[in-house]
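Reading through the structure tokens given below for one structure.
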């Protein structure tokens, strides 16, 4: 219990918000990366993958020091993937 309290006192909402936004971007990029790989676009896939891993490292560095940052990571991840896949579904309906 002391660990949770100490992590809560060290929790910074501005950092959490930044991580949240970064992981919306990361998982949006991951969905886009998967689409680019499937469509065999090597430059787009490689560039997206490199940028994605850079942002992932920022999240890892934060939650290693305070596991409470996993919460904005998970929420941002869900939102990023959801909106990219939703957009792709709309694009598929337009072309069909």
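In this note's numbering, the protein residues as written are -13 to 82. Ideal Cβ positions, reconstructed from N, Cα and C, are used throughout, including at glycine. Predicted model only: the values in this text are computed from it and were never measured.
Expected contact under 8 Å - CB spacing of residue i and residue j to nearest Å
i	j	result
residue 17	residue 62	With a Cβ gap of about 13 Å, residue 17 and residue 62 do not count as contacting.
residue 10	residue 59	Contact flag wrong, Cβ pair sits at about 10 Å.
residue 12	residue 41	5 Å
Residue i in three-state terms, based on DSSP
i	result
residue 77	helix
Given residue i as reference, the closest of the options once Cα atoms are compared
i	options	result
residue 74	-2, 38, 14 and 0	14
residue 35	68, 19 and 27	19
For residue i, the first and last residue of its enclosing alpha helix (DSSP H)
i	result
residue 84	Look at the range of the chain in this structure, -13 to 82, and you will see that residue 84 is not part of it.
residue 47	28 to 51
>> I want to know whether the region 72 to 79 touches the region 36 to 48 - three or more CB-CB distances under 8 Å.
In response: The region 72 to 79 makes no contact with the region 36 to 48, as fewer than three CB pairs between them are under 8 Å.
>> When you compare the region 49 to 58 with the region -7 to 4, are there three or more beta-carbon pairs, one atom per stretch, that lie closer than 8 Å?
In response: Contact holds: three or more Cβ-Cβ distances are below 8 Å.
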